[in-house]
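Residue numbers for the sequence shown follow UniProt numbering, beginning at 1 and rising by one.
Cβ atoms here follow ideal geometry from the backbone N, Cα and C, with glycine treated the same way.
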Amino acid sequence: MYINQQIIPVQGLLHMSLPWIMEKLNKCLILDYNPHCNNGGMEMKIGVNTWVWCSPLTTERLLEIIPKAKGIGFDAVEIAAEDWSLLDTKKIRKELEEANMGVTVCGAFGPDRDLIHEDEKIRENAMNYVVQTIQNTRELGGSLFAGPIYSAVGKARPTTEEEKKIEKEYFFNAMKKITEVARENGVTLGLEPLNRFETDFVNTVEQAVQLVDLVDHPNLGIHLDTFHMGIEEKNMPEAIRTAGHRLKHFHACENDRGTPGTGLVQWEEIKTALSDINYKGFLTIESFTPGVIEIAKAAAIWRPLETSQDKLAKDGHDFLRNLISNH
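What follows is the structure, given as structure tokens:
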């Protein structure tokens, strides 16, 4: 059986409740806002990450962002999941459904959320966070959890071949459990390569493909971000084609992490490559404001990237909407 382009073994359905199955089918067949539904006629849709406006995210702040994003014209909100204790998934889901807005979830991986750390307690804490995030993605009505689901952002240092081997073992051991939890919850995982200044574990599409293919699980794919690709890839369109069917999520970011369409990214070539691989997921704007101190520090955001965050969101949305509308 196929749900959200995932192959769900019939015996696997025994572990899922009837309401969950009906909920997923309802979204695919009726609401039509879920990008992972197998609908060949569906266009790519446009999302916006909550980091555009704030950090850490709270329920109250998100309930303000959802109608704002809807008013701009976005199809989905991407929840930057820094602290789940600040988020009421039931209230948020109700608001999303009333607004007919899709939802994706982006992981936030700090020093204590590192699946490949040498300290077992830190690995365990990271595992607990990932499992909770998968479950909460389902509770929100979503089906995609993406980000650097392997290590802490900013952990970038020289490593020996032996250290790399150990880290990969930690990664694969973690993924055995994580991918099954994802399957049970109907959630697809998008593994995001980061640039060399933010991680030493996965920088390029080829590295991500190797890891995803070795794990070989239908609920694990790749999440690409044009900002990181602009640093690490020699040819972004070809990198997208290399990801191919594995591509599950896409961050549409300018080279300076500002408004899409105002910088150096060759968007027409990007669109062509996405079309070539029949990508039907979200194009999500991820940007940041210097006002969110911790995230700004991690992302090296030292100046405003636009005159206002609302302008960044609206102009970015309008550019991407025009991009995907022109065939």
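DSSP places K155 in the strand class (E or B) of the three-state scheme.
Going by beta carbons, R113 and N125 fall inside the 9 angstroms limit. Counted as a single uninterrupted DSSP element, the beta strand (DSSP E) harbouring K248 occupies residues 247-251.
Collapsing the DSSP output to three states places E82 in coil. With contact defined as three or more Cβ pairs closer than 8 angstroms, the segment 85-101 and the segment 319-327 are not in contact. When rounded, the separation of the alpha-carbon atoms in A108 and A300 is 15 angstroms. Only residues of its own chain outside the window of five on either side were considered, and among them none has a CB closer than 6 angstroms to the CB of D310.
In this structure, the CA atom of L191 is about 11 angstroms from the CA atom of M175. Approximately 6 angstroms separates the beta-carbon atoms of N195 and N203; this is inside 8 angstroms, confirming the contact. With contacts defined by Cβ atoms closer than 9 angstroms, H251 and H223 form a contacting pair.
Comparing C-alpha distances from G147 to each of P193, H117, K155, D318 shows the shortest one belongs to P193. With fewer than 16 other Cβ atoms inside 10 Å of its own Cβ, S308 counts as exposed. For P260, the number of other beta carbons within 10 angstroms of its own is at least 16, and it is reported as buried. Contact annotation, V187 with R257: C-beta distance approximately 27 angstroms; criterion of less than 8 angstroms not satisfied. Contact between G142 and T104 holds, with the beta-carbon distance rounding to 6 angstroms and staying under 8 angstroms. By the CB criterion at 9 angstroms, L57 and I79 fall inside the cutoff. In this model, E180 and T289 are separated by some 36 angstroms (Cα to Cα). Judged by DSSP secondary structure, D225 falls within the beta strand (DSSP E) whose first and last residues are 220-225. Along the length of the segment 159-228, whole beta strand (DSSP E) runs at least 3 residues long occupy 188-191, 220-225, reported in chain order. Each residue's CA atom was taken as its position, placing P237 and I270 some 5 angstroms apart. Comparing C-alpha distances from I231 to each of T50, K280, N219, F197 shows the shortest one belongs to F197. Residue A313 holds the alpha-carbon nearest to the alpha-carbon of V52 among R93, E98, A313, P111.
Minimum Cα-Cα distance from F171 among the listed residues L115, K164, M229, D119 corresponds to L115. When the beta-carbon positions are compared, V153 and G316 stay at least 9 angstroms from each other.
Taking the CA atoms as reference points, M127 sits about 33 angstroms from P67.
The closest CA to that of A81, considering only D75, I92, A239, is found on I92. Per DSSP, reduced to three states, the secondary structure at F109 is coil, with no helix or strand assignment.
With a contact defined as Cβ atoms closer than 8 angstroms, A76 and G110 miss out at about 25 angstroms.
Under DSSP, K45 forms a beta bridge with F282. For H228 and S151, the gap between their C-alpha atoms comes out near 16 angstroms.
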